[in-house]
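Structure, as structure tokens:
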Amino acid sequence: MIRPQPPSLAPADDLTEAAEIDLNAALTPLIAQRNLTPIVRPSTAADVTALIDTSFPDGGDSLEQLVEQVTTVTNRYPRRNTHPGFFGWIAPSGLPSDPLAHAMVSALNANVIGYLPSPVGTTIEKTVIRWLADLVDFPQQSEGVFLSGGSIANMSGITSALAKRFGPEFRTKGLCDNSQVSRPVIICSQAAHFSIRRAAVMLGIGTDNIIAIDTDAEFRMRVDKLAEAITQHDNIVCVVASAGTTNTGAIDPLNEIADICATQNIWLHVDAAYGGGGMMSDVLKPRYLGIDKADSVVMDLHKWFFQSLDGSLLLYRNAEWARNLFFDSADYLHASEDNSPEQYMFFHIAPELSRRFRALPFYIALRCYGLPKLGRNALHNVQCAEYLAELIRQQDDLELIVAPQLSILCFRFRPVDIDDAAVDQINTMIRDQIQLEGEYLMSATQINGRPVLRVCIINHATRADHIEGLLDSVLRIGRSLVLSGDAE
Ligand SMILES: Cc1ncc(COP(=O)(O)O)c(C=O)c1O
């Protein structure tokens, strides 16, 4: 028998040669960038492209050159949500332990599909989920899974609500079969995050079938209106309550909503993607009263748990509904129905199959800092928001539009004797000028149809002097615009 010639690779094509790169030297300048200013520098896509080598990659660049290129371009055209003066949207600050932890994830490259593909990854993920389920006071048999973000996690939570609403048949028959009875609806408040709309699109429910309940003066779901809506619909997939709305940080009256849902046997999904981190603080936790009665809860660790992207925890009080839908296998996977820990598969309760070792950075951060210390940082954010609100109240030419319920507030520069249109214009100019100066960054939103400045404080490194500096900038820019008449 003639032995076939084994294939061989030219030494120059061998990718396995150890990269001669000093990780510490490569990462240190990137880590140092986190707190530099400007927070953002205006650019066009062409400006950024000009600093990136877009020629077809035939190879040959050294890792040192590539590190240098990325360090230069990100420093030239940054948008540093890592900076303690960054108050825009809801963007993660990241923790000092994260660069190491994420490098470890990459070095291991575990595929945390379940126990057999990753015994350690699965055990650590289940451990972190248990800690966070305890934080929400969910029962011992509750389960969860880390997904890429709040949008996918919200959609997955609502998917399991469909399984409860329509029974195991939903897996095979889908929505077409069931929607003939009457249209299936999702109920949430007008202030719910737009990921709920997107979930309705992706799940074939349709945005016309979202019932948006009015909010009260504090932007919380009105329970009386919810009760009324429930009597008007007989095919309710779920009620989605928010524990920290994106615009104002409002927490819906979870306890009352949970009681209504329980009497009507309706799935309650709580979107705590932003607000979840506040529960780490003993002082803030009572504000979430009733969250433990939800059927599913979403909390983004890459928001107010301070962690780097990405990781959103979807918790199920009872994962059996999700399991009815997602349990599946393929010949090549040899997945078993046996419920032992050694057969555990995350894809049996959620949509993703291949998954990186998302829980490792959280495990490291939670063990290193501990929940109480992280909670004191979340509380400090709220205290900074309250301090800012108090400073705003003291100024005649500022108007507090939404007082902080958590760490978000909205306000306006509002000098006397200036009409509404000019006020709107001045506030937009203030926001833009602050971004241009580069020390701070705020986003804007609309409250009751009027533009406002919005401040969201979720960076563990933010201190009172950042708050004072931001407000000084607002007043300086606003007053000089009024004096110069530029906003007339
Ligand atoms: C309340 C709320 N839910 C869901 C999301 C979506 O989360 P993600 O950006 O992780 O998909 C956000 C994003 O800001 C949010 O504020």
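All residue numbers for the sequence shown refer to our numbering, where the first residue is 1084 and numbers rise by one. Built from N, CA and C at the ideal position, the CB exists for glycine as well. Treat the numbers as computed from the prediction; the structure is a model and nothing was measured.
### Task
Compute the minimum distance between the beta carbon of Gly1332 and the heavy atoms of ligand 1, and state whether it is under 7 Å.
If you number the sequence shown from 1, residue 1332 lands on position 249. Not under cutoff, so the answer is no.
### 8 Å contact criterion, which Thr1511 and Pro1534 should meet: CB distance rounded
Stepping through the sequence shown from its first residue, residue 1511 is reached at position 428. Stepping through the sequence shown from its first residue, residue 1534 is reached at position 451. Contact annotation, Thr1511 with Pro1534: C-beta distance approximately 7 Å; criterion of less than 8 Å satisfied.
### Query
Going by the CB atoms, is the gap between Tyr1446 and Ile1207 shorter than 8 Å?
Position 124 of the sequence shown, counting from 1, holds the residue named residue 1207. Position 363 of the sequence shown, counting from 1, holds the residue named residue 1446. In this structure, the beta-carbon distance from Ile1207 to Tyr1446 falls below 8 Å.
#### Entry: Rounded straight-line distance, which links the Cα of Trp1404 to that of Ser1272
Taking the first residue of the sequence shown as position 1, residue 1272 is located at position 189. Taking the first residue of the sequence shown as position 1, residue 1404 is located at position 321. For Ser1272 and Trp1404, the gap between their C-alpha atoms comes out near 25 Å.
#### Entry: Under 8 Å between C-beta atoms of Ser1395 and Phe1221
In the sequence shown, residue 1395 corresponds to position 312, counting from 1. In the sequence shown, residue 1221 corresponds to position 138, counting from 1. No, they are not a contact pair.
#### Entry: Cβ shell of Leu1572 (< 6 Å), same chain only, five flanking positions each side left out
Here the chain has residues from 1084 to 1571 only, and residue 1572 is not among them.
### Message
For Pro1200 and Pro1424, what's the separation of their Cα atoms in angstroms?
### Response
Here residue 1200 refers to the residue found at position 117 of the sequence shown. Here residue 1424 refers to the residue found at position 341 of the sequence shown. Taking the CA atoms as reference points, Pro1200 sits about 13 Å from Pro1424.
### Task
Measure the alpha-carbon distance for Leu1372 versus Thr1157 and round it to whole angstroms.
Taking the sequence shown and counting its residues from 1, one reaches residue 1372 at position 289. Taking the sequence shown and counting its residues from 1, one reaches residue 1157 at position 74. CA-to-CA, the gap between Leu1372 and Thr1157 works out to about 42 Å.
### Message
If you measure between the beta carbons of Trp1350 and Ala1244, is that distance less than 8 Å?
### Response
Counting from one through the sequence shown, the residue named residue 1350 turns up at place 267. Counting from one through the sequence shown, the residue named residue 1244 turns up at place 161. When the beta-carbon positions are compared, Trp1350 and Ala1244 come within less than 8 Å of each other.
#### Entry: Unbroken alpha helix (DSSP H) run spanning Met1238, endpoints
Against the sequence shown, residue 1238 aligns to sequence position 155. Segment 1233–1249, the alpha helix (DSSP H) holding Met1238.
#### Entry: C-beta atoms of Gly1168 and Tyr1523 nearer than 8 Å
Residue 1168 sits at position 85 when you count from the first residue of the sequence shown. Residue 1523 sits at position 440 when you count from the first residue of the sequence shown. In contact: Gly1168 and Tyr1523 (Cβ atoms closer than 8 Å).
### Query
Which residue's Cα is closest to the Cα of Gln1224: Leu1398, Leu1553, Ser1563, His1543?
Within the sequence shown, the letter at position 141 stands for residue 1224. Minimum Cα distance to Gln1224 is reached at Leu1398.
### Task
Reducing DSSP to helix, strand and coil, say where His1027 ends up.
A question about residue 1027 goes unanswered here, because the residues of the chain that appear run from 1084 up to 1571.
### Arg1086 classed as buried or exposed, judged by whether at least 16 other C-beta atoms fall within 10 angstroms
Numbered from 1 along the sequence shown, position 3 holds the residue referred to as residue 1086. Here Arg1086 is exposed, its C-beta having fewer than 16 other C-beta atoms within 10 Å.
### Task
Determine contact between the stretch 1487–1497 and the stretch 1539–1553, defined as no fewer than three beta-carbon pairs at a distance below 8 Å.
With the cut-off at 8 Å, the stretch 1487–1497 and the stretch 1539–1553 touch.
### Query
Taking all protein chains shown into account, do 16 or more other C-beta atoms lie within 10 angstroms of the C-beta of Arg1495, making it buried, or fewer, making it exposed?
As a first step, residue 1495 is located in the sequence shown; it is residue number 412 there, counting from the start. Classification of Arg1495: buried, given that the 10 Å Cβ count is 16 or more.
### Query
Based on Cα-Cα distance, which residue from Ile1513, Val1557, Phe1440, Met1285 lies nearest to Val1203?
Reading the sequence shown from its first residue, position 120 is the one you call residue 1203. Considering only alpha carbons, the answer is Phe1440.
### Task
Using three-state DSSP, classify Ala1190 as helix, strand or coil.
Position 107 of the sequence shown, counting from 1, holds the residue named residue 1190. Correct three-state label for Ala1190: helix.
### Query
Does the Cβ-Cβ distance between Ile1270 and Leu1309 come in under 8 Å?
Locating residue 1270 in the sequence shown gives position 187, counting from the first residue. Locating residue 1309 in the sequence shown gives position 226, counting from the first residue. Closer than 8 Å, so yes.
### Message
Quick check: what's the CA-CA separation for Ser1145 versus Glu1103?
### Response
For the purposes of this step, residue 1145 is taken as residue 62 along the sequence shown, with counting starting at 1. For the purposes of this step, residue 1103 is taken as residue 20 along the sequence shown, with counting starting at 1. In this structure, the straight-line span from the alpha carbon of Ser1145 to that of Glu1103 is close to 10 Å.
### Query
Got a sec: does ligand 1 put a non-hydrogen atom nearer than 7 Å to the Cβ of His1316?
Position 233 of the sequence shown holds residue 1316. The answer is no for His1316.
### Query
What is the DSSP secondary structure of Ala1448, reduced to helix, strand or coil?
The count along the sequence shown starts at 1 and reaches residue 1448 at position 365. The three-state reading of DSSP puts Ala1448 in helix, counting H, G and I together.
### Query
Between the stretch 1318–1337 and the stretch 1346–1362, do three or more beta carbon pairs fall short of 8 Å?
Touching, per the Cβ criterion.
### Task
List the whole-angstrom C-beta distance separating Tyr1160 from Val1131, where the pair is believed to meet the contact cut-off of C-beta under 8 Å.
For the purposes of this step, residue 1160 is taken as residue 77 along the sequence shown, with counting starting at 1. For the purposes of this step, residue 1131 is taken as residue 48 along the sequence shown, with counting starting at 1. 5 Å between Cβ atoms; contact.
### Message
Let me check one thing: in DSSP terms, what residues is Asp1383 bridge-paired to?
### Response
As a first step, residue 1383 is located in the sequence shown; it is residue number 300 there, counting from the start. Answer is Ser1395, bridged to Asp1383.
### Task
Taking the CB atoms as reference points, tell me whether Ala1448 and Phe1409 lie closer together than 8 Å.
The residue labelled residue 1448 in the question sits at position 365 within the sequence shown. The residue labelled residue 1409 in the question sits at position 326 within the sequence shown. Taking C-beta atoms as the reference points, Ala1448 and Phe1409 fail to come closer than 8 Å.
### Message
On the CB-based measure, 16 or more other CB atoms within 10 Å of its CB, does Pro1336 come out buried or exposed?
### Response
Residue mapping note: residue 1336 aligns to position 253 of the sequence shown, counting from 1. With 16 or more Cβ atoms within 10 Å of its Cβ, Pro1336 is classed as buried.
### Query
Taking contact to mean at least 3 C-beta pairs separated by less than 8 Å, is the stretch 1455–1470 in contact with the stretch 1545–1554?
At 8 Å Cβ cutoff, the stretches touch.
### DSSP state of Ser1437 mapped onto helix, strand, coil
For the purposes of this step, residue 1437 is taken as residue 354 along the sequence shown, with counting starting at 1. Coil.
### Query
Taking the DSSP output, what are the residues bridged to Gly1227?
If you number the sequence shown from 1, residue 1227 lands on position 144. BP columns for Gly1227 point to Leu1398.
### Message
Could you tell me which whole alpha helix (DSSP H) segments of length 4 or greater appear in the stretch 1103–1164?
### Response
The qualifying runs are 1106–1116, 1128–1133, 1146–1159.
### Message
In whole angstroms, give me the CA-to-CA distance for Arg1459 and Ile1513.
### Response
Counting from one through the sequence shown, the residue named residue 1459 turns up at place 376. Counting from one through the sequence shown, the residue named residue 1513 turns up at place 430. Distance between the alpha carbons of Arg1459 and Ile1513: 32 Å.
### Query
When the distance is taken between beta carbons, is Ala1282 closer than 8 Å to Ile1241?
Residue mapping note: residue 1241 aligns to position 158 of the sequence shown, counting from 1. Residue mapping note: residue 1282 aligns to position 199 of the sequence shown, counting from 1. Yes, the pair counts as a contact, with Cβ atoms nearer than the cut-off.
### Message
Just checking Tyr1371 against ligand 1 - is the residue's beta carbon closer than 7 Å to any of the ligand's heavy atoms?
### Response
Locating residue 1371 in the sequence shown gives position 288, counting from the first residue. Distances taken from the Cβ of Tyr1371 to the heavy atoms of ligand 1 include none shorter than 7 Å.
### Message
I'd like the list of long-range same chain contacts for Gln1426, defined as Cβ closer than 6 Å, with 5 residues on each side in sequence excluded.
### Response
Numbered from 1 along the sequence shown, position 343 holds the residue referred to as residue 1426. Setting aside the 5 residues that flank it on each side, Gln1426 is surrounded in the same chain by Ser1419, each with a C-beta closer than 6 Å to its C-beta; the list follows chain order.
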